[in-house]
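Visitor: Taken in order, these protein sequences are the chains called A and B.
Just so we're aligned: 273 in this note's numbering is position 222 of the first sequence, and the numbers increase by one with no gaps anywhere.
Just so we're aligned: 447 in this note's numbering is position 396 of the second sequence, and the numbers increase by one with no gaps anywhere.
Using N, Cα and C, we set each Cβ at its ideal position, and we do this for glycine too.
One structure is given below, represented as structure tokens, and several questions about it will come after.
Protein chains: 2
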Amino acid sequence: MYAGLREELFEFLRIPSVSAKSEHDADTRRAAEWVLAALRRSGFTTSLIETPGHPVVLGEWRGAGPSAPTVLVYGHYDVQPPEPLHLWSSPPFEPELRDGRIYARGAADNKGQLFVHLKVLEGLLSGGGRLPVNVVVLAEGEEEISSPHLLPVVTEWKDRLAADALIISDSSMFAPGLPSILLSLRGLVYFELRVTGTGRDVHSGIYGGAVPNAATALARMLATLHDDGGRVALPGFYDSVVEWEDEVLDRLRALPFDDAALLAETGASSLVGEDGYTSLERLWLRPTCDVSGLTSGYQGEGAKTVIPALATAKVSFRLVPDQDPVEVGRQFRAHIRAVTPPGVRVEVIDLQGGRPWRANPGGPFFEAARRALGAVFGVEPVLTGEGASIPIVADLAQVLGAEAVLVGLALPGANMHAPDEWFPEEHIRKGIETFTRFYEEIPQGPPPRVGPSPG
Amino acid sequence: MYAGLREELFEFLRIPSVSAKSEHDADTRRAAEWVLAALRRSGFTTSLIETPGHPVVLGEWRGAGPSAPTVLVYGHYDVQPPEPLHLWSSPPFEPELRDGRIYARGAADNKGQLFVHLKVLEGLLSGGGRLPVNVVVLAEGEEEISSPHLLPVVTEWKDRLAADALIISDSSMFAPGLPSILLSLRGLVYFELRVTGTGRDVHSGIYGGAVPNAATALARMLATLHDDGGRVALPGFYDSVVEWEDEVLDRLRALPFDDAALLAETGASSLVGEDGYTSLERLWLRPTCDVSGLTSGYQGEGAKTVIPALATAKVSFRLVPDQDPVEVGRQFRAHIRAVTPPGVRVEVIDLQGGRPWRANPGGPFFEAARRALGAVFGVEPVLTGEGASIPIVADLAQVLGAEAVLVGLALPGANMHAPDEWFPEEHIRKGIETFTRFYEEIPQGPPPRVGPSPG
């Protein structure tokens, strides 16, 4: 890696653009301006879109003309808080190269990966270069605080942002030397269930046996959420789960995945889940239901002989394509109504939701990324899923009408959101080569059709 | 009520013998000495038995001779803490007579009722009076802190304390004007259930679907504790539950009990419980299982997407004659082992236990009490149960080899353990008349056989 290139990235990484902390508001804006300046130098028309929070950076290169496809590159210039500081081997905002790794807050998430895209576009477009596709760069400063203002901006600017492809590099490769393209993200619906029995906590001796017990009732309701085979038992829950093509499943099953490593990572003594699926399928392609919290009655040491008036649970579902959070919410409420035991009242509170997302394997941009990764890394990229949820991806793809392609360049164990975050120095160069090649691999001509075929 | 009698009781009530508070240790001892002096005045041989806590008062009158039956009267001279003080209409240790009620901490629980017995015995024995039965009075000072030292004392002194009848007045009548004799007390076993899945809380997106969820597992286990008819589902749980005689059940069912009042008292919107039984049977004669607390994972506001490593529940069973807490503990552990879902480890911790107790309707002392109450109150006493547990009753009855007879003289709503505790002044007189009559009603002659008949 050229020393000049590295020094340029280090300059970006030195800006402590911690979006969560108002004392860093000026730094966060400085990072936005850094991106803006880089885009201008490459020949982009730029806008700094103000929001009630941190600004959105917009860069547009429309040189391919209105009939050519448009690629939108999304990234973010904000970073997680660096705390706890004492666990860092070098200061989080003083980037350092050690053993081929660039250590800094934001090195992987997302400045290093956004930097790759900026350098690709600089290489291709600066000094009057041209591309057969139009390119829009959208960089937000609130990704680490759940993007509260991105969707309103995107919706307002949606004519300007309309794109055929949405390219995001904000995740990791499957393994060192093994590049990957994301197949899907799980969605989420999260509820609080509040069960009320008696009007106040009452004595379990004096009243036990004749009055409803909220904690017992809650447990009985939660026990109906799965069947004995580990499947979620809401009627209709699996109706819109997509069946992946055999080729996709075969490739997934061929991945070198180690259940023992999963046990070690989580400290579980054995793995469990939906019958008939491998761990990777359970984590990536299958929906789940998990109880994240229980609260009721006496929680201190020893015994208190009480019947709790109230029992609550945090219950969430991870959704897979094409489940709809609103529809699953309806199924959950209907199921809860059906299994509510006599004597208790139940309230279901919506806490969070986001749609699942799936890639379009075989699509022109997906295939362009696949070919580019294969050429640069010398190995066919693997297809991976992601069990966690990034609701903005599905939302952006939908509003923009774009095919999203997610190609992460960090490596497993990159310590995103943790001390000693790092990014492999070599992946700066390989990333630049990959995405330069990506633009070459996009089929020429008018934009390919996106979305379901008619009829 | 004679003014002198009232003043004497007020003197006893003025002593703040709060056993739970070490700053009242001297007061508590003063109350013990007050009882001791009263017994001595009546002609009792007295002992103050020291314990690591508050002393036990022992009074013995053996004038009926070794072949006559022995009646042991149990009571306690300690009281509950009076707090919160601001909710008292008059100071807790300045007894006051208002509208026929004596207000003071301990008026009902238990000084007022113990006083009744002391005055009965004074009336019958002082100045050389005689009885056809021997009488032992046992008054402890740690009832309100779970009697930690009583059973060791009783066991050590059991030859001196051996009795044919154990008489306790420490509860309430069923209703004003309607005296009652206790038929049974429920026992208790109380456990903490600790379910461990993963080694630490893990992300529900990244790991959800492939690792065990401790909270879900706990809920599924708790849901197996009852069947759909509200019966406890431990195998063998009902095997040693006694079937009460039809006459007892008929009398219980004839009691004027109001489900609407139970709803109002507990704030429940409807009553539930074991199919086929009335509320009173469910509360008094049937065993139960209740969950008293649930703790797991995230309990704060909003959503946290976590799979909890640990989930705990407080689970207790109220037992009825002749269930055995140790045997039910075995059944619970065996059941939990049988229903533990794959992937989790379960620990069952014993927290508390006590045996149920039942009276001996038709027994000589039970019948003597019944006749005495009927004569004094002018109405046949009702038989009642008690859903709560007083483990010391079963233990005392067993160690002493005695038939226990529990006759409470307080009234419902007496605010035992609460501010404005009270005892009806009229029941001092009626109580003295009742128990004076009781001694007359005991059949003459050698002690009746106690316990199951041979063969």
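Classify His257(B) as helix, strand or coil using the three-state DSSP reduction.
Guide: Numbered from 1 along the second sequence, position 206 holds the residue referred to as residue 257(B). It should be pointed out that residue 257(B) corresponds to Ile in this sequence rather than to His. If DSSP states are grouped into helix, strand and coil, Ile257(B) belongs with coil.
Visitor: Taking C-beta pairs closer than 8 Å, name the residues in chain B that Gln449(A) reaches, listed in chain order.
Guide: Counting from 1 along the first sequence, the entry for residue 449(A) is found at position 398. What Gln449(A) touches in chain B: nothing, since even the nearest Cβ is about 20 Å away.
Visitor: Who are the Cβ neighbours of Pro503(A) in its own chain at under 7 Å, not counting the five residues just before and after it?
Guide: One-based indexing of the first sequence puts residue 503(A) at position 452. Confidence is the limiting factor: at Pro503(A) the pLDDT is only 42, short of 50, which leaves the residue's position unreliable and the question unanswerable from this model.
Visitor: Pull out every residue of the segment 344–357 of chain B whose Cβ sits closer than 7 Å to any Cβ of chain A, in chain order.
Guide: Listed in sequence order: Gly344, Leu345, Thr346, Ser347, Gly348, Tyr349, Gln350, Gly353, Ala354, Lys355, Thr356, Val357.
Visitor: Kindly list, in the order they appear in chain B, the residues whose Cβ is closer than 9 Å to that of Gln403(A).
Guide: On the first sequence, residue 403(A) is found 352 positions in, with the first residue counted as 1. Those within 9 Å of Gln403(A) in chain B are Gly353, Ala354, Thr356.
Visitor: Any idea if Lys162(B) is buried or exposed, counting beta-carbon neighbours within 10 angstroms, 16 or more meaning buried?
Guide: For this step, residue 162(B) is matched to residue 111 along the second sequence. The residue is buried, with at least 16 neighbouring Cβ atoms inside 10 Å.
Visitor: Do Val171(B) and Trp112(B) have their C-beta atoms closer together than 9 Å?
Guide: Sequence index remark: in the second sequence, residue 171(B) carries index 120 (1-based). Sequence index remark: in the second sequence, residue 112(B) carries index 61 (1-based). Not in contact: Val171(B) and Trp112(B) (Cβ atoms no closer than 9 Å).
Visitor: Gly126(B) and Ser440(B) - do their beta-carbons sit closer together than 9 Å?
Guide: Taking the second sequence and counting its residues from 1, one reaches residue 440(B) at position 389. Taking the second sequence and counting its residues from 1, one reaches residue 126(B) at position 75. Going by C-beta atoms, Ser440(B) is not nearer than 9 Å to Gly126(B).
Visitor: Quick one: does Gly459(B) have its CB under 9 Å from some CB of chain A?
Guide: For the purposes of this step, residue 459(B) is identified with residue 408 of the second sequence, where counting begins at 1. No, Gly459(B) lies away from the interface with chain A (no Cβ there is under 9 Å from its Cβ).
Visitor: Consult DSSP for Thr249(B) and reduce its assignment to one of helix, strand or coil.
Guide: By one-based count along the second sequence, residue 249(B) stands at place 198. The answer is coil: DSSP assigns Thr249(B) none of H, G, I, E or B.
Visitor: So if I threshold CB-CB distances at 9 Å, which residues from the segment 457–486 of chain B count as touching chain A?
Guide: Cβ contacts with chain A come from no residue of the segment 457–486 of chain B.
Visitor: Under 9 Å between beta-carbons, which chain A residues line up against Ser440(B)? List them in chain order, please.
Guide: The sequence position of residue 440(B) within the second sequence is 389, counting from 1. In chain order: Gly256, Thr356.
Visitor: Can you list, in chain order, the stretches of the alpha helix (DSSP H) that have 4 or more residues and sit fully within the segment 291–318 of chain A?
Guide: Listed in chain order, the complete alpha helix (DSSP H) runs (minimum 4 residues) inside the segment 291–318 of chain A are 297–304, 310–317.
Visitor: My parser needs the alpha helix (DSSP H) runs of 4 or more residues fully inside the segment 202–236 of chain B; what are they?
Guide: Here the runs fully enclosed are 209–212.
Visitor: Quick one: what's got a C-beta closer than 8 Å to Leu306(B)'s C-beta in the same chain, skipping five residues either side?
Guide: Sequence index remark: in the second sequence, residue 306(B) carries index 255 (1-based). So the list reads Phe225, Leu331, Val433, Thr435, once near-sequence residues are dropped.
Visitor: Report the option in Gly464(A), Ala448(A), Pro475(A), Ala461(A) whose CA atom is closest to the CA atom of Val124(A).
Guide: Counting from 1 along the first sequence, the entry for residue 124(A) is found at position 73. Of Gly464(A), Ala448(A), Pro475(A), Ala461(A), the residue nearest in Cα terms is Ala448(A).
Visitor: Whose Cβ in chain B lies nearer than 8 Å to the Cβ of Tyr241(A)?
Guide: Within the first sequence, the letter at position 190 stands for residue 241(A). Within 8 Å Cβ-Cβ: Ala354, Thr356.
Visitor: Specify the secondary structure class of Trp473(B) as computed by DSSP and reduced to three states.
Guide: If you number the second sequence from 1, residue 473(B) lands on position 422. Strand at Trp473(B).
Visitor: Starting from Thr79(B) and walking both ways along the beta strand (DSSP E), at which residues does that stretch end?
Guide: Locating residue 79(B) in the second sequence gives position 28, counting from the first residue. Careful: Thr79(B) lies outside any beta strand (DSSP E), inside the alpha helix (DSSP H) at 76–92.
Visitor: At which residues does the beta strand (DSSP E) containing Val366(B) begin and terminate?
Guide: By one-based count along the second sequence, residue 366(B) stands at place 315. Its beta strand (DSSP E) spans residues 361–370.
Visitor: Run through DSSP, which three-state label would Glu101(B) get?
Guide: The sequence position of residue 101(B) within the second sequence is 50, counting from 1. Here Glu101(B) sits in coil by DSSP.
Visitor: Report the rounded CA-to-CA distance for Ile232(A) versus Leu457(A), giving the unit in angstroms.
Guide: On the first sequence, residue 232(A) is found 181 positions in, with the first residue counted as 1. On the first sequence, residue 457(A) is found 406 positions in, with the first residue counted as 1. Going from the Cα of Ile232(A) to the Cα of Leu457(A) covers about 6 Å.
Visitor: With 16 other CB atoms within 10 Å as the buried threshold, where does Pro227(B) fall?
Guide: Walking along the second sequence from the start, residue 227(B) turns up at place 176. Exposed, since its Cβ has fewer than 16 Cβ neighbours within 10 Å.
Visitor: Using C-beta distances below 6 Å, list every residue in its chain close to Gly281(B), excluding the 5 sequence neighbours before and after it, in chain order.
Guide: Numbered from its first residue, the second sequence carries residue 281(B) at position 230. Cβ within range, chain order: Gly324, Glu325, Asp326.
Visitor: What's the C-alpha gap between Ile257(A) and Ala274(B)?
Guide: The count along the first sequence starts at 1 and reaches residue 257(A) at position 206. The count along the second sequence starts at 1 and reaches residue 274(B) at position 223. C-alpha separation (whole angstroms): 23 Å.
Visitor: Distance, Cα to Cα, Ala261(B) vs Ala354(B)?
Guide: As a first step, residue 261(B) must be located in the second sequence, where it is residue number 210. As a first step, residue 354(B) must be located in the second sequence, where it is residue number 303. About 21 Å.
Visitor: CA-CA distance, Pro133(A) and Trp85(A)?
Guide: Here residue 133(A) refers to the residue found at position 82 when the first sequence is read from its first residue. Here residue 85(A) refers to the residue found at position 34 when the first sequence is read from its first residue. Looking at the two C-alpha atoms, the distance is approximately 20 Å.
Visitor: At a CB distance below 8 Å, what residues from the segment 65–76 of chain B approach chain A? Give them in sequence order.
Guide: Of all residues in the segment 65–76 of chain B, none has a Cβ within less than 8 Å of some Cβ in chain A.
Visitor: Excluding the five sequence neighbours on either side, which residues of its own chain have a C-beta within less than 7 Å of the C-beta of Leu402(B), listed in chain order?
Guide: In the second sequence, residue 402(B) corresponds to position 351, counting from 1. Excluding residues within five positions, the ones whose Cβ falls inside 7 Å are Tyr241, Phe242, Glu243.
Visitor: Under 8 Å between beta-carbons, which chain A residues line up against Gly325(B)? List them in chain order, please.
Guide: As a position in the second sequence, residue 325(B) is number 274, starting the count at 1. Gly is not the amino acid found at residue 325(B); the sequence shown has Glu there. The contacting residues are Gly260.
Visitor: Quick check: is any heavy atom of the ligand SAH less than 8 Å from the C-beta of Ile232(B)?
Guide: In the structure shown, the ligand SAH is absent, as is every other ligand, since no ligand is present at all.
Visitor: Tell me which residues share the same chain as Ala390(A) and place their Cβ nearer than 8 Å to its Cβ, disregarding the 5 neighbours each side in the sequence.
Guide: Mapped onto the first sequence, residue 390(A) falls at position 339. Note on residue identity: the sequence assigns Val, not Ala, to residue 390(A). Arg271, Met272, Thr275.
Visitor: Please say whether Ala158(A) and Glu472(A) have beta carbons closer to each other than 9 Å?
Guide: Taking the first residue of the first sequence as 1, we reach residue 472(A) at position 421. Taking the first residue of the first sequence as 1, we reach residue 158(A) at position 107. Yes.
Visitor: Residues of chain B with a CB under 7 Å from the CB of Arg251(A): which are they?
Guide: Taking the first sequence and counting its residues from 1, one reaches residue 251(A) at position 200. The answer, in chain order, is Gly318.
Visitor: Check whether chain B comes within 9 Å of Thr267(A), counting only Cβ atoms and requiring the distance to be less than that.
Guide: Locating residue 267(A) in the first sequence gives position 216, counting from the first residue. True, the Cβ-Cβ gap to chain B drops below 9 Å.
Visitor: Tell me whether Pro505(A) is buried or exposed, calling it buried when 16 or more other Cβ atoms sit within 10 Å of its Cβ.
Guide: On the first sequence, residue 505(A) is found 454 positions in, with the first residue counted as 1. Below a pLDDT of 50, predicted positions are generally treated as unreliable, and Pro505(A), at 35, falls in that range; the measurement from the model is reported next regardless. The residue in question, Pro505(A), is exposed, as its Cβ has fewer than 16 Cβ neighbours within 10 Å.
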